[in-house]
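Trainee: Under numbering that gives the first Met the number 0, the first residue of the sequence shown carries the number 0, and numbering increases by one thereafter.
Submitted below is the structure of interest, expressed as C-alpha cells.
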Amino acid sequence: MATVEKMPMLQMGYDKLNAQLRELKAERPLIVDAIEEARAHGDLSENAEYHAAKERQGQVEATINDLEDKLSRAQIIDPTTLSGNKIVFGATVTLLDEDEKPVQYQIVGQAEADAKAGMISYNSPLGRALIGREVGDEIEVSVPSGDKFYLVDKIAFI
Numbered sequence: 000m001a002t003v004e005k006m007p008m009l010q011m012g013y014d015k016l017n018a019q020l021r022e023l024k025a026e027r028p029l030i031v032d033a034i035e036e037a038r039a040h041g042d043l044s045e046n047a048e049y050h051a052a053k054e055r056q057g058q059v060e061a062t063i064n065d066l067e068d069k070l071s072r073a074q075i076i077d078p079t080t081l082s083g084n085k086i087v088f089g090a091t092v093t094l095l096d097e098d099e100k101p102v103q104y105q106i107v108g109q110a111e112a113d114a115k116a117g118m119i120s121y122n123s124p125l126g127r128a129l130i131g132r133e134v135g136d137e138i139e140v141s142v143p144s145g146d147k148f149y150l151v152d153k154i155a156f157i
C-alpha cells in the first residue's frame, strides 16, 4: 500500500493554498455559465469561446485537485514552538555571503517558497544545504549562477 507523504508547511502557506482553492471553486459556476453561453452560439467545432471555456475548466479542475491533495497532506509547523541550535524546517536563518553582507531566509515548504520574499524551500539547493547546520558553519551551494559561499550567522524561530 502506498504511503502518503506529508507536506510540511507554515500556517501562512496553508492559508494561502486554502484561499486559492476557495477562489477556484467560486470560479466553477462562472465557467459553466461561459460554456453554456458559448454552446448556445451554435457550431462547437469552430467556436473559440467554447473551446477556451472548456480549456479553462480543465485547468481549474486540475488545479483544484492539486490544491486539495496538498492541503490533505499538509503538516502545519509553527516555528515559534521550535528551538535548538540546528537549522530545521521553519527556522529563519541569517547568513553572511562572501562580502559579509547579511541575507535572511526562512526555510519553508515547496508550496510557499518565494526567494524574493526571503522564503526558500527545504528542497531547494540552499535549503538542503542549510538543514542540520549550526551557527558558524560554512556552506557551499551550487546554483545556476555559480557556487555561492555562506556563513551561518544566526538561527531564529520566529
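Note that CB positions come from ideal geometry on N, CA and C, so glycine has one too.
Since the model is a prediction, treat every value here as computed from it, not as a measurement.
Just to confirm before moving on: does the CB-CB distance between Leu-29 and Lys-69 stay below 8 Å?
Mentor: No, the pair does not count as a contact, with Cβ atoms beyond the cut-off.
Trainee: Identify the continuous beta strand (DSSP E) that holds Thr-91 and give its terminal residues.
Mentor: Residues 91–95.
Trainee: From Arg-27 to Gln-58, what distance separates their C-alpha atoms?
Mentor: Each residue's alpha carbon lies about 11 Å from the other.
Trainee: What separation, rounded to the nearest whole angstrom, lies between the Cα atoms of Val-87 and His-40?
Mentor: One C-alpha to the other measures close to 57 Å.
Trainee: Would you please state the rounded distance, in angstroms, between the beta carbons of Lys-153 and Val-134? I believe it to be under 8 Å.
Mentor: The Cβ separation is near 7 Å, so the contact holds.
Trainee: Go to Asp-120, then tell me how far its beta strand (DSSP E) extends in each direction, as first and last residue.
Mentor: It should be noted that the sequence gives Ser, not Asp, for residue 120. Start and end: 118–120.
Trainee: Taking just the CA atoms, how far does Leu-9 sit from Ala-110?
Mentor: Distance between the alpha carbons of Ala-110 and Leu-9 is about 10 Å.
Trainee: I need the straight-line Cα distance from Tyr-49 to Leu-66, nearest angstrom please.
Mentor: Cα to Cα, the separation comes out at about 26 Å.
Trainee: Just verifying my parser: in three-state terms, what is the DSSP assignment at Ile-130?
Mentor: If DSSP states are grouped into helix, strand and coil, Ile-130 belongs with coil.
Trainee: According to DSSP, is Ile-75 helix, strand or coil?
Mentor: Strand at Ile-75.
Trainee: Between Leu-94 and Leu-150, is the Cβ-Cβ spacing less than 8 Å?
Mentor: In contact: Leu-94 and Leu-150 (Cβ atoms closer than 8 Å).
Trainee: Out of curiosity, what's the CA-to-CA distance linking Lys-24 and Ala-116?
Mentor: Near 28 Å, if we compare the C-alpha coordinates of Ala-116 and Lys-24.
Trainee: Would you call Ala-51 buried or exposed, if buried means 16 or more other Cβ atoms sit within 10 Å of its Cβ?
Mentor: The residue is exposed, with fewer than 16 neighbouring Cβ atoms inside 10 Å.
Trainee: Determine the extent of the alpha helix (DSSP H) in which Leu-23 is found, giving its start and end residues.
Mentor: Residues 10–38.
Trainee: Alpha carbon to alpha carbon, how far is Lys-100 from Ala-112?
Mentor: Rounded to whole angstroms, Lys-100 to Ala-112 spans 22 Å at the Cα level.
Trainee: Buried or exposed: which applies to Gly-131, given that a residue is buried once 16 or more other Cβ atoms fall within 10 Å of its Cβ?
Mentor: By the neighbour-count rule (16 or more Cβ atoms within 10 Å), Gly-131 is not buried but exposed.
Trainee: Between Gly-89, Arg-72, Ser-71, Ala-73, which lies nearest to Thr-79 when the distance is taken from Cα to Cα?
Mentor: Comparing Cα-Cα distances from Thr-79 to each of Gly-89, Arg-72, Ser-71, Ala-73, the minimum goes to Gly-89.
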